[in-house]
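Q:
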Amino acid sequence: MSLITWSDQLAVGIEEIDQQHQKLVQLINGLHNHMLAGDASEIMAKVLDRVIQYTGFHFETEEQLMLRYDYPNSETHKHEHSDLVNTAVTLQQKLHSGNAHITMETMHFLQDWLQHHILGSDKMLADFLKTKGLH
Ligand SMILES: [Fe+2]
Ligand SMILES: [Fe+2]
632 MSLITWSDQL
642 AVGIEEIDQQ
652 HQKLVQLING
662 LHNHMLAGDA
672 SEIMAKVLDR
682 VIQYTGFHFE
692 TEEQLMLRYD
702 YPNSETHKHE
712 HSDLVNTAVT
722 LQQKLHSGNA
732 HITMETMHFL
742 QDWLQHHILG
752 SDKMLADFLK
762 TKGLH
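Letter by letter, the sequence shown follows residues 632 to 766 of the numbering used here.
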């Protein structure tokens, strides 16, 4: 069973963002599956690298849109992004040095963060972008 199930409830209505969120959900579900399989920390570190890399690409996409359309709440939104990146990079460093494991607590943190961020800040950004004619 997947950790996060994609549903229309998570869709914000901007195609590019929704597609990237679906990919992010897949990657986090993949990380969860590796955790359940009890994979070694070197493998977990590589899988987490991919999650972080894609997350960075996705945040960049949203932040470019904020810049292009002069989004008024960009500072708060970007701050949420950088907080997550910092947390993930710290975890990644610990994994690479063999000082941490990915636990169910980590997975629930990622799940909660993503759902809360999508339904809050990303939805607000999407509603703004719709007023600029994006879909
Ligand atoms: Fe975002
Ligand atoms: Fe997002």
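Glycine included, C-beta positions come from ideal geometry on N, C-alpha and C.
Please confirm if the segment 700-707 is in contact with the segment 678-691, defined as three or more CB-CB distances below 8 Å between the two stretches.
A: no
Q: In chain order, what residues of the same chain have a beta carbon less than 7 Å from the beta carbon of residue 647, not counting five sequence neighbours either side?
A: 692
Q: Which ranges does the alpha helix (DSSP H) cover as unbroken runs of at least 4 residues, wholly within the segment 635-670, from first to last along the chain?
A: 646-667
Q: Taking 8 Å as the cut-off, decide whether the C-beta atoms of residue 741 and residue 731 are in contact.
A: Not closer than 8 Å, so no.
Q: Work out the CA separation of residue 739 and residue 702 for me, nearest whole Å.
A: Whole-angstrom Cα-Cα distance: 30 Å.
Q: Let me make sure I understand the geometry here. Which of 762, 719, 756, 752 has the alpha-carbon closest to that of residue 678?
A: Relative to residue 678, the option among 762, 719, 756, 752 whose CA is nearest is 719.
Q: Please classify residue 735: is it buried, with 16 or more other beta-carbons within 10 angstroms of its beta-carbon, or exposed?
A: exposed
Q: Strictly closer than 7 Å from CB to any heavy atom of ligand 1: give me those residues in the order they appear in the chain.
A: 690, 693, 708, 711, 712, 748, 752, 753, 756
Q: Buried or exposed, going by whether 16 or more other CB atoms sit within 10 Å of the CB of residue 639?
A: Exposed, because fewer than 16 other Cβ atoms sit within 10 Å of the Cβ of residue 639.
Q: With a threshold of 7 Å (Cβ to nearest heavy atom), would residue 732 be considered close to ligand 2?
A: No, ligand 2 has no heavy atom inside 7 Å of this Cβ.
Q: I'd like to know whether the C-beta atoms of residue 756 and residue 675 end up nearer to each other than 8 Å.
A: no
Q: Assuming residue 641 and residue 749 are in contact, meaning their beta carbons sit under 8 Å apart, how far apart are those beta carbons, in whole angstroms?
A: The pair is a contact, with the Cβ atoms about 6 Å apart (cut-off 8 Å).
Q: Look at the alpha carbon of residue 673 and the alpha carbon of residue 683, and state the distance between them as a whole number of angstroms.
A: 15 Å
Q: Compute the Euclidean distance between the alpha carbons of residue 712 and residue 686, then round it to the nearest angstrom.
A: 9 Å
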